[in-house]
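Peer 1: Take a look at the following structure, please.
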Amino acid sequence: MSLSKRDKAIINDLNMFRCMDRDSIAEIHFAGLKNPLHSTNNVLKRLHRDGHIQRSTAYVPYLYFGQDVTIKKNSQKINHFLGIVEVYKEILKFEQPKIFLVEPKYGEKGVVEPDIFTIFRAIPFFIEVQKSTYSEKIMYDKLDRYEELSQSGIINNETWQRKDKKIFPKVLILSDTRYAIDNKYSFPIYQAQSIGQFMEQRSQGVKQQFSYGDIKSNIKFKTN
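Here it is as structure tokens:
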């Protein structure tokens, strides 16, 4: 049986996010249907039966994984990846991002591995999804690596960059903990508990000075 456009989109998302819960798949791909959970269950059952995706029944609702994802079904990183899915769903409430990458790697190993790179409201962001509390030292070490990346010029070669104005993404830390971060960095750093709170801060003008201007919006980006 040939795969539908929606089948392929679900498979692509599972490969990108590594894992997703059934309800998130329903929310993203089956919204508006009369019985989205029933439809989701039928499609996921078929895709699993035909070997296109993996499944873990140890969770309620079930968790689904990309076909080639090697993460252990009891890995501690599962909650982290599900947190990234939640951020994506929040962004979708405002717009479909032109690009959304999960744990992209820049430069040599250990330089920077953000949880998310996305272009949101025509602005590039590195997003850190912090479910646990980091020490101040660990957070500064992480931000120092972003500064190293900024100075390296690697980001200037990204396909989304404008030819006339190279910019470094802003860093958004999503965490229940607010860190004391000084202004020694060459890029803006924002903190919020969620995308919704961040957008509320922006609408109220709370230190939301986006000075770089719009980046080009006529590019079609890959999402995996």
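Sequential numbering from 0 applies to the sequence shown in numbering that gives the first Met the number 0.
Backbone N, C-alpha and C fix where the C-beta goes; we use that ideal spot for every residue, glycine too.
What you are looking at is a predicted structure, and each value in this text was computed from that prediction instead of being measured.
Find the nearest neighbour of glutamine 53 within the set Ile153, Arg177 and Lys72, judged by alpha-carbon distance.
Peer 2: Residue mapping note: residue 53 aligns to position 54 of the sequence shown, counting from 1. Of the candidates Ile153, Arg177 and Lys72, the residue whose Cα lies closest to the Cα of glutamine 53 is Lys72.
Peer 1: Return yes when the Cβ of leucine 43 is within less than 8 Å of the Cβ of isoleucine 24, no when it is not.
Peer 2: Here residue 24 corresponds to residue number 25 of the sequence shown, with the count starting at 1. Here residue 43 corresponds to residue number 44 of the sequence shown, with the count starting at 1. With a cutoff of 8 Å on beta-carbon distance, isoleucine 24 and leucine 43 are scored as near each other.
Peer 1: Here's the rule: buried if 16 or more other CB atoms are within 10 angstroms of the residue's CB, otherwise exposed. What is leucine 32?
Peer 2: One-based indexing of the sequence shown puts residue 32 at position 33. Answer is exposed; the Cβ neighbour count stays below 16.
Peer 1: Go to glutamine 196, then tell me how far its alpha helix (DSSP H) extends in each direction, as first and last residue.
Peer 2: Position 197 of the sequence shown holds residue 196. Per DSSP, glutamine 196 belongs to the alpha helix (DSSP H) from 194 to 202.
Peer 1: So is glutamate 127 buried or exposed if we call it buried at 16+ other beta carbons inside 10 Å?
Peer 2: Here residue 127 corresponds to residue number 128 of the sequence shown, with the count starting at 1. It is buried - the Cβ of glutamate 127 has at least 16 other Cβ atoms within 10 Å.
Peer 1: Are the Cβ atoms of phenylalanine 64 and arginine 21 separated by less than 8 Å?
Peer 2: If you number the sequence shown from 1, residue 64 lands on position 65. If you number the sequence shown from 1, residue 21 lands on position 22. No.
Peer 1: Shortest alpha-carbon distance to isoleucine 83 belongs to which of Gly106, Gln129 and Asp143?
Peer 2: Sequence index remark: in the sequence shown, residue 83 carries index 84 (1-based). For the residues Gly106, Gln129 and Asp143, the minimum Cα distance to isoleucine 83 belongs to Gln129.
Peer 1: Please report the residue range of the alpha helix (DSSP H) in which glutamine 66 lies.
Peer 2: Within the sequence shown, residue 66 is the residue found at index 67, counting from 1. Taken as a continuous stretch (DSSP letters only), glutamine 66 belongs to no alpha helix (DSSP H), as it is neither H nor E.
Peer 1: Which value, in whole angstroms, describes the spacing of the CA atoms of leucine 62 and asparagine 78?
Peer 2: Taking the sequence shown and counting its residues from 1, the one referred to as residue 62 is at position 63. Taking the sequence shown and counting its residues from 1, the one referred to as residue 78 is at position 79. Distance between the alpha carbons of leucine 62 and asparagine 78 is about 11 Å.
Peer 1: Does serine 216 come out as helix, strand or coil in the three-state DSSP assignment?
Peer 2: As a working mapping, residue 216 is identified with position 217 in the sequence shown. Summary for serine 216: the model assigns pLDDT 35, below 50, so the residue's position carries little reliability, and this model does not support an answer.
Peer 1: Given 8 Å as the limit, is there contact between the stretch 104 to 114 and the stretch 149 to 166, that is, 3 or more CB pairs closer than that?
Peer 2: yes
Peer 1: Quick check on the burial criterion: 16 or more other C-beta atoms within 10 angstroms. Buried or exposed for valine 101?
Peer 2: Numbered from 1 along the sequence shown, position 102 holds the residue referred to as residue 101. It is buried - the Cβ of valine 101 has at least 16 other Cβ atoms within 10 Å.
Peer 1: Which whole-angstrom value is the C-beta distance of glutamate 147 and valine 110, which I expect to be below 8 Å?
Peer 2: As a first step, residue 147 must be located in the sequence shown, where it is residue number 148. As a first step, residue 110 must be located in the sequence shown, where it is residue number 111. Contact between glutamate 147 and valine 110 holds: their C-beta atoms lie close to 6 Å from each other, under 8 Å.
Peer 1: By the three-class DSSP mapping on this structure, what secondary structure does proline 60 have?
Peer 2: The residue labelled residue 60 in the question sits at position 61 within the sequence shown. Residue state, collapsed to three classes: coil.
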